[in-house]
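K.L.:
Protein sequence lines correspond, in order, to chains A and B. Those letters in the first sequence? Residues 1 to 265, per this note's numbering, in order. Those letters in the second sequence? Residues 1 to 265, per this note's numbering, in order. Glycine included, every Cβ here is placed at the ideal spot set by N, Cα and C. Quick one: the structure is below, and I'll ask about it shortly.
There are 2 protein chains.
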Amino acid sequence: MLGSANVSERATEPPDIGVSVVILALGRSGAQGPDSTNMPSAQSPSAQAASAQRPSALSPSAQGDRYARPALWIPLVRRIRQPFLGRWALPGGHPQANISLEDAARSALESTTQLTPRYLEQLYTFGDPSRSQGGLPMVSIVYWALIGATETTEFKEGDNVRWFPTTDLPPLAFDHREIIDYALTRVRNKVAYTDLATRIVGDEFTMSQLREVHEAITGTSLDPANFRRKMLASGLLEPTGRMQTTGRHRPARLYRYVAHESPHR
Amino acid sequence: MLGSANVSERATEPPDIGVSVVILALGRSGAQGPDSTNMPSAQSPSAQAASAQRPSALSPSAQGDRYARPALWIPLVRRIRQPFLGRWALPGGHPQANISLEDAARSALESTTQLTPRYLEQLYTFGDPSRSQGGLPMVSIVYWALIGATETTEFKEGDNVRWFPTTDLPPLAFDHREIIDYALTRVRNKVAYTDLATRIVGDEFTMSQLREVHEAITGTSLDPANFRRKMLASGLLEPTGRMQTTGRHRPARLYRYVAHESPHR
DNA sequence: TCAATAGTGTCTGTAAGACAGTATTAG
DNA sequence: CTAATACTGTCTTACAGACACTATTGA
């Protein structure tokens, strides 16, 4: 059994492999889940601690701010063994010889959140020996996923699974904090030149909703006029013909996303 | 021992891990190595076969063509066991618990080519069960590397290690052909918005030389005037004050690369 | 002188950002 | 009417690509 070998014997052996997932979902601040409205909440002490640390979570650049604007949230699981027992960590599992790495990531995702991702992509493979920090040397193949805005009402939360805003993360096990930061920069870069945002809004959406997604991911605030033109110029959107009225102001046109090729990866 | 387990037993076990490297170097066509001039060549039959297939290897878009223009070459190793015995494959090795994945890639690179890369970056981790094709299920963590133009004269070649132009690759083992193609698209994309090209030209270089590197990697032909302006506008180049005379025409200014931050990864 | 490459000037089209102005709703 | 957001028009700047033009060398 590998576990019984001592350090010098293990040095030239292969490290263990794991698959982890950075799961990102849009949510509004002011509650303990990505989209708090109508959700049965069994608040545990540490959930309260988390939301206590969150004064007005997002709004990186001020403007309006009468309603909380959406931000990125991430589900973490609590470690139930050493090292880092009790710390929050990325959901993960182990690859199996008969399934693809992507499926391993997908199943790790679904078993912790009961959700199906709208987007899933390999992030990076981390394998530096120093990252194990008292654990066994480990290679982590990390994926990142986007959860659609409509699904986030049905997430599951418990004492060992909890959502956190990416702007206010607890101390994490291993190098998981750096992994999340890397995932966030990747997403922020990629949202600018791909159709990522259209994947996570609903089937029908207004320009403002789409823009809010971009703003939540990049943490910036975008000019509505220029954003609209840029999106329409991409040729990936078409009006559904329907409108949406939300407040005491002009109703907004609804659009749908029309897929072309997929210049992915 | 793992090797004695049957298929159904192996299914839920972790796959094996390997580290492979796609090594890219600049070379001119018309010989069997990246930079053929003055090299002791012990041509083997298959080396002759390879160069016989190569009429005028590169020049994707015609212009001038009085001298062969540089193109990307890649070293491959011949497999000495089943499956795919005798086929060409990417150099690789196995990760060890006490060294980083990058160091594992570096040592695989150095043991096959005796060269030190100017640039080394993780490409992707391939782990689909279908890719093993008769071998044991395998996760391959693939890196790609760039070899400097000046080093390519000292490469080592033998019956089991040989350089091929990327435009004319032999049949490869496993899914290594797709891996190389993926590496090439990554490099082509990245050369446009990073300082990759400056890494592989020498310390001093003319604008034409730098432009040739870009052209070789992207496979396009670039306007000298616009290319010059773009490079100078980047602020990463400074004239050394020296000139280089090559033919019966105006001598060219020499530049050097000045590093700023490293907005990498 | 000519051929060849080095290097400059300039025009055009595209796209992003700033920002003024018009449209339509609820109250 | 006002406040709020939806949407349109237009100006400026930056930059990439096309391409004409000048500069300097060897033969």
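Opposite B:Ser140 in the DSSP bridges: which residues?
P.N.:
Here residue 140 of chain B refers to the residue found at position 140 when the second sequence is read from its first residue. Looking at the DSSP assignment, B:Ser140 forms a beta bridge with B:Gly18 and B:Phe126.
K.L.:
Hey, could you find the ends of the alpha helix (DSSP H) A:Thr185 is sitting in?
P.N.:
Walking along the first sequence from the start, residue 185 of chain A turns up at place 185. Taken as a continuous stretch (DSSP letters only), the alpha helix (DSSP H) holding A:Thr185 covers His176 to Tyr193.
K.L.:
Taking the alpha-carbon positions, what's the A:Val161 to A:Ala104 distance?
P.N.:
Reading the first sequence from its first residue, position 161 is the one you call residue 161 of chain A. Reading the first sequence from its first residue, position 104 is the one you call residue 104 of chain A. Taking the straight line from one Cα to the other gives about 19 Å.
K.L.:
From which residue to which residue does the beta strand (DSSP E) around A:Ala252 run?
P.N.:
By one-based count along the first sequence, residue 252 of chain A stands at place 252. Where A:Ala252 is concerned, the enclosing beta strand (DSSP E) stretches over Ala252 to Tyr257.
K.L.:
Would you say A:Leu90 and A:His176 are within 7 Å of each other, going by their C-beta atoms?
P.N.:
The residue labelled residue 90 of chain A in the question sits at position 90 within the first sequence. The residue labelled residue 176 of chain A in the question sits at position 176 within the first sequence. In contact: A:Leu90 and A:His176 (Cβ atoms closer than 7 Å).
K.L.:
Mind checking A:Leu85: buried by the 16 CB within 10 Å criterion, or exposed?
P.N.:
Counting from 1 along the first sequence, the entry for residue 85 of chain A is found at position 85. A:Leu85 should be labelled exposed.
K.L.:
Out of curiosity, what's the CA-to-CA distance linking B:Ser59 and B:Arg69?
P.N.:
Stepping through the second sequence from its first residue, residue 59 of chain B is reached at position 59. Stepping through the second sequence from its first residue, residue 69 of chain B is reached at position 69. With a pLDDT of only 24 at B:Ser59, under the threshold of 50, the placement of this residue in the model should not be trusted; the figure read from the coordinates follows. Rounded to whole angstroms, B:Ser59 to B:Arg69 spans 7 Å at the Cα level.
K.L.:
Output yes or no for whether 7 Å exceeds the beta carbon distance between B:Pro117 and B:Leu109.
P.N.:
On the second sequence, position 117 is the one that residue 117 of chain B refers to. On the second sequence, position 109 is the one that residue 109 of chain B refers to. Yes.
K.L.:
Among B:Glu121, B:Arg28 and B:Phe227, which has the Cα closest to the Cα of B:Val22?
P.N.:
By 1-based counting over the second sequence, the position of residue 22 of chain B is 22. Of B:Glu121, B:Arg28 and B:Phe227, the residue nearest in Cα terms is B:Glu121.
K.L.:
Could you tell me the boundaries of the beta strand (DSSP E) in which A:Phe205 lies?
P.N.:
Locating residue 205 of chain A in the first sequence gives position 205, where the first residue counts as 1. Taken as a continuous stretch (DSSP letters only), A:Phe205 belongs to no beta strand (DSSP E), as it is neither H nor E.
K.L.:
For A:Ala216 versus A:Leu76, is the C-beta spacing smaller than 7 Å?
P.N.:
Taking the first sequence and counting its residues from 1, the one referred to as residue 216 of chain A is at position 216. Taking the first sequence and counting its residues from 1, the one referred to as residue 76 of chain A is at position 76. Cβ distance not < 7 Å, so A:Ala216 and A:Leu76 don't count as in contact.
K.L.:
Apply the 10 Å Cβ neighbour rule to B:Arg242 and answer buried if 16 or more other Cβ atoms are within range, or exposed otherwise.
P.N.:
One-based indexing of the second sequence puts residue 242 of chain B at position 242. Answer is exposed; the Cβ neighbour count stays below 16.
K.L.:
Kindly list, in the order they appear in chain B, the residues whose Cβ is closer than 7 Å to that of A:Glu178.
P.N.:
Against the first sequence, residue 178 of chain A aligns to sequence position 178. Those within 7 Å of A:Glu178 in chain B number zero; the least Cβ separation is about 12 Å.
K.L.:
Can you check whether the C-beta of B:Thr194 is within less than 7 Å of a C-beta belonging to chain A?
P.N.:
As a position in the second sequence, residue 194 of chain B is number 194, starting the count at 1. Taking Cβ atoms only, chain A never reaches closer than 7 Å to B:Thr194, which makes this a no.
K.L.:
Whose CA, out of A:Leu172, A:Thr240, A:Gly219 and A:Glu178, lies closest to the CA of A:Phe205?
P.N.:
One-based indexing of the first sequence puts residue 205 of chain A at position 205. Comparing Cα-Cα distances from A:Phe205 to each of A:Leu172, A:Thr240, A:Gly219 and A:Glu178, the minimum goes to A:Thr240.
K.L.:
Spatial neighbours of A:Arg186 within its chain, please: C-beta separation below 8 Å, excluding the five flanking residues on both sides.
P.N.:
Taking the first residue of the first sequence as position 1, residue 186 of chain A is located at position 186. Cβ neighbours of A:Arg186 beyond the five flanking positions: Leu123 and Trp144.
K.L.:
Between A:Asn226 and B:Ile17, what straight-line distance do the alpha-carbon atoms span, to the nearest angstrom?
P.N.:
Taking the first residue of the first sequence as 1, we reach residue 226 of chain A at position 226. Taking the first residue of the second sequence as 1, we reach residue 17 of chain B at position 17. Whole-angstrom Cα-Cα distance: 48 Å.
K.L.:
With 16 other CB atoms within 10 Å as the buried threshold, where does A:Thr125 fall?
P.N.:
Here residue 125 of chain A is taken as the residue at index 125 of the first sequence, counted from 1. It is buried - the Cβ of A:Thr125 has at least 16 other Cβ atoms within 10 Å.
K.L.:
Rounding to the nearest angstrom, what Cα-Cα distance links B:Pro165 and B:Trp88 in this structure?
P.N.:
To locate residue 165 of chain B, count along the second sequence from 1; it is residue 165. To locate residue 88 of chain B, count along the second sequence from 1; it is residue 88. Whole-angstrom Cα-Cα distance: 13 Å.
K.L.:
Does any C-beta atom of chain A lie closer than 7 Å to the C-beta of B:Gln133?
P.N.:
As a first step, residue 133 of chain B must be located in the second sequence, where it is residue number 133. By this cut-off, B:Gln133 is not an interface position.
K.L.:
Alpha carbon to alpha carbon, how far is B:Leu146 from B:Asn189?
P.N.:
Residue 146 of chain B sits at position 146 when you count from the first residue of the second sequence. Residue 189 of chain B sits at position 189 when you count from the first residue of the second sequence. When rounded, the distance between both Cα atoms is 15 Å.
K.L.:
How would you list, in chain order, the residues of chain A whose beta-carbon sits under 8 Å from the beta-carbon of B:Thr125?
P.N.:
Taking the first residue of the second sequence as 1, we reach residue 125 of chain B at position 125. Within 8 Å Cβ-Cβ: Leu101, Gln122, Thr125 and Ile141.
K.L.:
If you draw a straight line from the C-alpha of A:Ile141 to the C-alpha of B:Pro129, how long is it?
P.N.:
Counting from one through the first sequence, the residue named residue 141 of chain A turns up at place 141. Counting from one through the second sequence, the residue named residue 129 of chain B turns up at place 129. About 15 Å.
K.L.:
With H, G and I counted as helix, E and B as strand and the rest as coil, what does DSSP make of A:Gly217?
P.N.:
Here residue 217 of chain A refers to the residue found at position 217 of the first sequence. It is Ile, not Gly, that sits at residue 217 of chain A in the sequence shown. Looking at A:Ile217 - three-state DSSP - the assignment turns out to be helix.
K.L.:
Can the beta-carbon of B:Leu210 be found less than 7 Å from the beta-carbon of B:Ala197?
P.N.:
Your numbering for residue 210 of chain B matches position 210 in the second sequence. Your numbering for residue 197 of chain B matches position 197 in the second sequence. In contact: B:Leu210 and B:Ala197 (Cβ atoms closer than 7 Å).
K.L.:
In terms of residue numbering, what span does the beta strand (DSSP E) encompassing B:Pro165 cover?
P.N.:
Here residue 165 of chain B is taken as the residue at index 165 of the second sequence, counted from 1. Element bounds for B:Pro165: Val161 to Pro165.
K.L.:
Compute the Euclidean distance between the alpha carbons of A:His94 and B:Pro224, then round it to the nearest angstrom.
P.N.:
To locate residue 94 of chain A, count along the first sequence from 1; it is residue 94. To locate residue 224 of chain B, count along the second sequence from 1; it is residue 224. Near 52 Å, if we compare the C-alpha coordinates of B:Pro224 and A:His94.
K.L.:
Here's the rule I'm using: 16 or more other beta-carbon atoms within 10 Å means buried, otherwise exposed. How should A:Ile80 be labelled?
P.N.:
One-based indexing of the first sequence puts residue 80 of chain A at position 80. By the neighbour-count rule (16 or more Cβ atoms within 10 Å), A:Ile80 is not buried but exposed.
K.L.:
Taking DSSP's pairing of strands, which residues face A:Ala25 in a bridge?
P.N.:
Here residue 25 of chain A is taken as the residue at index 25 of the first sequence, counted from 1. DSSP, once it has assigned bridges, lists A:Trp73 and A:Ile147 as partnering A:Ala25.
K.L.:
Relative to chain A, which residues along the stretch 91-117 of chain B have a C-beta separation below 7 Å, given in chain order?
P.N.:
Of all residues in the stretch 91-117 of chain B, His94, Pro95, Gln96, Ala97, Asn98, Ile99, Ser100 and Leu101 have a Cβ within less than 7 Å of some Cβ in chain A.
K.L.:
Thinking C-alpha only, which one of A:Glu238, A:Val139, A:Asp159 and A:Gly235 is nearest A:Thr113?
P.N.:
Here residue 113 of chain A is taken as the residue at index 113 of the first sequence, counted from 1. Per the Cα distances, A:Asp159.
K.L.:
In the stretch 218-247 of chain B, which residues sit with their C-beta less than 9 Å from some C-beta in chain A, listed in chain order?
P.N.:
If the cut-off is 9 Å between Cβ atoms, the stretch 218-247 of chain B has nothing near chain A.
K.L.:
What is the DSSP secondary structure of A:Ser224, counted as helix, strand or coil?
P.N.:
The residue given as residue 224 of chain A occupies position 224 in the first sequence. As written in the sequence, residue 224 of chain A is Pro, which differs from the Ser given in the question. DSSP places A:Pro224 in helix when its eight states are reduced to three.
K.L.:
Is the Cβ-Cβ distance between A:Pro137 and B:Ala97 less than 7 Å?
P.N.:
Translated into the one-based positions of the first sequence, residue 137 of chain A becomes position 137. Translated into the one-based positions of the second sequence, residue 97 of chain B becomes position 97. Result yes, Cβ atoms of A:Pro137 and B:Ala97 sit closer than 7 Å.
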